[in-house]
Amino acid sequence: MYLPPCGPDEELIGILVAVPQPLADEIDELRTRLNFDTATSTAPHITLVPPTPVKQADRERIMNQLGEVAAKHAPFRICLQGAGSFRPVSAVAFINVVVGGAALAVLEDEIRVATGLAPARFPFHPHVTLAHVDHEETLSEAERLAEGFKAEWVASGFRLDRVGADGVYHSQALFSFTAG
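Quick note: the sequence shown uses numbering that gives the first Met the number 0, first residue 0, plus one each step.
1. Could you check what DSSP says for Arg-120 in three-state terms: helix, strand or coil?
2. Can you check whether the CB of Leu-79 is closer than 8 Å to the CB of Ile-181?
3. Within the same chain, show all residues whose beta-carbon is closer than 7 Å to that of Ala-90, passing over the 5 residues directly before and after it, in chain order.
4. Could you say which of Tyr-1, Leu-116 and Glu-10 lies nearest to Ala-56 if we only look at CA atoms?
5. So, under 8 Å CB-CB, Ala-74 and Val-18 are touching, yes? Tell me the CB distance rounded to an integer number of Å.
6. State whether the segment 44 to 51 contacts the segment 113 to 129, with contact taken as three or more CB pairs (one from each stretch) at a distance under 8 Å.
7. Could you tell me the distance, in whole angstroms, from the CA atom of Leu-29 to the CA atom of Leu-144?
8. Val-98 and Ile-26: beta carbons closer than 8 Å?
9. Quick one: what does DSSP say Asp-108 is sitting in, helix, strand or coil?
10. Considering only the alpha carbon of each residue, which of Glu-140, Val-112 and Gln-171 lies closest to Leu-159?
11. Rounding to the nearest angstrom, what Cα-Cα distance links Pro-3 and Thr-51 in this structure?
12. I'd like the list of long-range same chain contacts for Val-68, defined as Cβ closer than 6 Å, with 5 residues on each side in sequence excluded.
Structure follows, in C-alpha coordinates:
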(Lines of atoms letter the chains of each structure in order from A and count residues from 1; the text may use other names and numbers.)
(Lines give C-alpha, C1' and ligand atoms only; values in the text may rest on other atoms or scores of the structure.)
Protein backbone atom coordinates (compact mmCIF):
# COMPACT_ATOMS: atom_id res chain seq x y z
CA MET A 1 0.00 0.00 0.00
CA TYR A 2 1.29 3.43 -0.92
CA LEU A 3 1.52 5.77 2.05
CA PRO A 4 2.35 9.36 1.12
CA PRO A 5 4.74 11.24 3.39
CA CYS A 6 3.37 13.51 6.11
CA GLY A 7 4.78 16.76 7.42
CA PRO A 8 5.27 17.34 11.16
CA ASP A 9 1.80 18.91 11.53
CA GLU A 10 0.00 16.40 9.30
CA GLU A 11 -1.70 13.02 9.64
CA LEU A 12 -2.84 10.43 7.12
CA ILE A 13 -6.56 9.91 6.73
CA GLY A 14 -8.58 7.51 4.61
CA ILE A 15 -12.28 7.61 3.83
CA LEU A 16 -14.10 4.38 3.09
CA VAL A 17 -17.31 2.41 2.95
CA ALA A 18 -16.86 -0.60 5.20
CA VAL A 19 -18.01 -4.04 4.12
CA PRO A 20 -20.39 -5.23 6.86
CA GLN A 21 -20.29 -8.53 8.73
CA PRO A 22 -20.58 -11.39 7.91
CA LEU A 23 -19.50 -10.39 4.38
CA ALA A 24 -16.22 -8.94 5.66
CA ASP A 25 -15.38 -12.33 7.22
CA GLU A 26 -16.08 -14.05 3.89
CA ILE A 27 -13.62 -11.72 2.14
CA ASP A 28 -11.04 -12.24 4.89
CA GLU A 29 -11.42 -16.01 4.34
CA LEU A 30 -10.43 -15.46 0.71
CA ARG A 31 -7.43 -13.40 1.85
CA THR A 32 -6.44 -16.16 4.28
CA ARG A 33 -6.59 -18.75 1.49
CA LEU A 34 -4.05 -16.57 -0.31
CA ASN A 35 -1.81 -16.64 2.78
CA PHE A 36 -2.14 -12.87 2.62
CA ASP A 37 -3.44 -11.63 5.95
CA THR A 38 -4.44 -8.00 5.52
CA ALA A 39 -7.21 -8.14 8.10
CA THR A 40 -4.87 -6.93 10.84
CA SER A 41 -4.21 -3.68 9.00
CA THR A 42 -7.44 -2.99 7.18
CA ALA A 43 -10.80 -4.72 7.15
CA PRO A 44 -12.52 -5.19 3.77
CA HIS A 45 -13.80 -1.90 2.43
CA ILE A 46 -14.37 0.27 -0.62
CA THR A 47 -11.93 3.16 -0.65
CA LEU A 48 -13.39 6.59 -1.34
CA VAL A 49 -10.19 8.48 -0.46
CA PRO A 50 -6.95 6.50 -0.05
CA PRO A 51 -4.40 7.47 2.63
CA THR A 52 -4.02 11.23 2.20
CA PRO A 53 -2.03 13.70 4.31
CA VAL A 54 -4.03 16.52 5.92
CA LYS A 55 -3.13 19.23 8.39
CA GLN A 56 -4.07 18.20 11.92
CA ALA A 57 -5.52 21.68 12.39
CA ASP A 58 -7.99 20.93 9.54
CA ARG A 59 -9.44 17.81 11.19
CA GLU A 60 -12.54 19.51 12.68
CA ARG A 61 -13.30 21.36 9.43
CA ILE A 62 -12.95 18.15 7.42
CA MET A 63 -15.19 16.24 9.81
CA ASN A 64 -17.88 18.94 9.54
CA GLN A 65 -17.67 18.87 5.75
CA LEU A 66 -17.90 15.07 5.69
CA GLY A 67 -21.03 15.27 7.84
CA GLU A 68 -22.57 17.72 5.37
CA VAL A 69 -21.77 15.43 2.43
CA ALA A 70 -23.24 12.37 4.17
CA ALA A 71 -26.43 14.26 5.06
CA LYS A 72 -27.14 14.84 1.35
CA HIS A 73 -27.20 11.10 0.57
CA ALA A 74 -29.66 8.31 1.20
CA PRO A 75 -28.56 4.72 1.85
CA PHE A 76 -27.92 2.80 -1.38
CA ARG A 77 -27.39 -0.77 -2.52
CA ILE A 78 -23.93 -2.15 -3.23
CA CYS A 79 -23.35 -5.45 -4.99
CA LEU A 80 -19.95 -7.12 -5.29
CA GLN A 81 -19.41 -9.80 -7.90
CA GLY A 82 -16.44 -11.36 -9.62
CA ALA A 83 -12.83 -10.29 -9.73
CA GLY A 84 -10.50 -7.91 -11.47
CA SER A 85 -7.00 -6.49 -11.38
CA PHE A 86 -5.27 -3.18 -11.96
CA ARG A 87 -2.30 -4.95 -13.57
CA PRO A 88 -0.01 -3.82 -15.16
CA VAL A 89 -0.50 -0.31 -13.70
CA SER A 90 -0.76 -1.48 -10.09
CA ALA A 91 -0.24 -4.88 -8.45
CA VAL A 92 -3.78 -5.13 -7.02
CA ALA A 93 -6.39 -7.88 -7.35
CA PHE A 94 -9.91 -7.03 -6.24
CA ILE A 95 -13.61 -7.88 -6.08
CA ASN A 96 -15.72 -5.83 -8.49
CA VAL A 97 -18.45 -3.42 -7.46
CA VAL A 98 -21.22 -4.17 -9.98
CA VAL A 99 -24.05 -2.19 -8.37
CA GLY A 100 -23.58 1.08 -6.52
CA GLY A 101 -20.49 2.23 -8.40
CA ALA A 102 -22.14 5.39 -9.75
CA ALA A 103 -23.32 6.41 -6.27
CA LEU A 104 -19.83 5.74 -4.88
CA ALA A 105 -18.25 7.86 -7.65
CA VAL A 106 -20.58 10.78 -6.87
CA LEU A 107 -19.76 10.42 -3.17
CA GLU A 108 -16.00 10.34 -3.84
CA ASP A 109 -16.22 13.47 -5.97
CA GLU A 110 -18.38 15.36 -3.46
CA ILE A 111 -16.01 14.46 -0.62
CA ARG A 112 -12.98 15.73 -2.54
CA VAL A 113 -14.71 18.97 -3.56
CA ALA A 114 -16.16 19.67 -0.09
CA THR A 115 -12.94 19.01 1.81
CA GLY A 116 -10.47 20.36 -0.74
CA LEU A 117 -8.41 17.17 -0.56
CA ALA A 118 -5.69 16.65 -3.14
CA PRO A 119 -6.66 14.95 -6.41
CA ALA A 120 -6.41 11.16 -6.49
CA ARG A 121 -3.29 9.48 -7.91
CA PHE A 122 -5.49 7.24 -10.07
CA PRO A 123 -9.00 7.58 -11.53
CA PHE A 124 -11.69 6.41 -9.08
CA HIS A 125 -12.64 2.75 -9.55
CA PRO A 126 -14.75 1.31 -6.72
CA HIS A 127 -13.57 -2.14 -5.61
CA VAL A 128 -12.68 -4.25 -2.57
CA THR A 129 -8.98 -5.14 -2.51
CA LEU A 130 -8.09 -8.80 -2.05
CA ALA A 131 -4.34 -8.60 -2.58
CA HIS A 132 -1.85 -5.79 -3.10
CA VAL A 133 1.41 -7.59 -3.68
CA ASP A 134 4.09 -7.74 -6.38
CA HIS A 135 3.61 -11.45 -7.01
CA GLU A 136 1.83 -12.40 -10.25
CA GLU A 137 0.83 -15.88 -9.05
CA THR A 138 -0.80 -14.50 -5.90
CA LEU A 139 -2.70 -11.87 -7.89
CA SER A 140 -3.90 -14.49 -10.38
CA GLU A 141 -4.94 -16.79 -7.55
CA ALA A 142 -6.85 -13.93 -5.88
CA GLU A 143 -8.78 -13.31 -9.10
CA ARG A 144 -9.52 -17.03 -9.45
CA LEU A 145 -10.76 -17.32 -5.86
CA ALA A 146 -13.09 -14.34 -6.26
CA GLU A 147 -14.53 -15.29 -9.65
CA GLY A 148 -17.70 -16.72 -8.11
CA PHE A 149 -17.94 -14.30 -5.20
CA LYS A 150 -21.19 -12.39 -4.87
CA ALA A 151 -22.47 -10.26 -2.00
CA GLU A 152 -24.75 -7.28 -1.49
CA TRP A 153 -25.82 -4.90 1.23
CA VAL A 154 -27.23 -1.44 1.73
CA ALA A 155 -24.54 1.14 2.48
CA SER A 156 -25.72 3.38 5.29
CA GLY A 157 -22.72 5.69 5.49
CA PHE A 158 -18.95 6.04 5.25
CA ARG A 159 -16.09 6.20 7.69
CA LEU A 160 -13.09 8.44 8.35
CA ASP A 161 -9.98 6.55 9.48
CA ARG A 162 -6.58 7.69 10.65
CA VAL A 163 -3.91 5.65 8.88
CA GLY A 164 -0.81 4.88 10.91
CA ALA A 165 2.73 4.93 9.50
CA ASP A 166 2.48 1.12 9.55
CA GLY A 167 -0.58 1.21 7.25
CA VAL A 168 -2.99 0.17 10.00
CA TYR A 169 -6.39 1.86 9.78
CA HIS A 170 -7.94 3.30 12.96
CA SER A 171 -11.61 4.24 12.77
CA GLN A 172 -12.23 7.84 13.86
CA ALA A 173 -15.78 8.72 12.83
CA LEU A 174 -18.82 7.29 11.06
CA PHE A 175 -20.95 9.51 8.82
CA SER A 176 -24.47 8.21 8.21
CA PHE A 177 -26.52 8.85 5.09
CA THR A 178 -29.62 10.69 6.31
CA ALA A 179 -31.32 12.07 3.17
CA GLY A 180 -34.70 10.81 1.97
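Every residue, glycine too, gets a C-beta built ideally from N, C-alpha and C.
Well, looking at it:
1. In this structure, Arg-120 counts as coil in the three-state DSSP scheme.
2. No information on residue 181 is available, as it lies outside the stretch 0 to 179 that the chain covers here.
3. His-131, Val-132, Asp-133 and Leu-138, listed in sequence order.
4. Comparing Cα positions, the closest option is Glu-10.
5. This sequence places Pro at residue 74; Ala is not what is there. The beta carbons of Pro-74 and Val-18 sit about 15 Å from each other, so the pair does not count as a contact at 8 Å.
6. In this structure the segment 44 to 51 lies against the segment 113 to 129, because at least three pairs of beta carbons, one per stretch, are closer than 8 Å.
7. So the two alpha carbons sit approximately 7 Å from each other.
8. The Cβ atoms of Val-98 and Ile-26 lie no closer than 8 Å to each other.
9. In this structure, Asp-108 counts as helix in the three-state DSSP scheme.
10. Closest by alpha carbon: Gln-171.
11. Rounded to the nearest angstrom, the two C-alpha atoms are 7 Å apart.
12. Around Val-68: Glu-109, Ile-110 and Ala-113.
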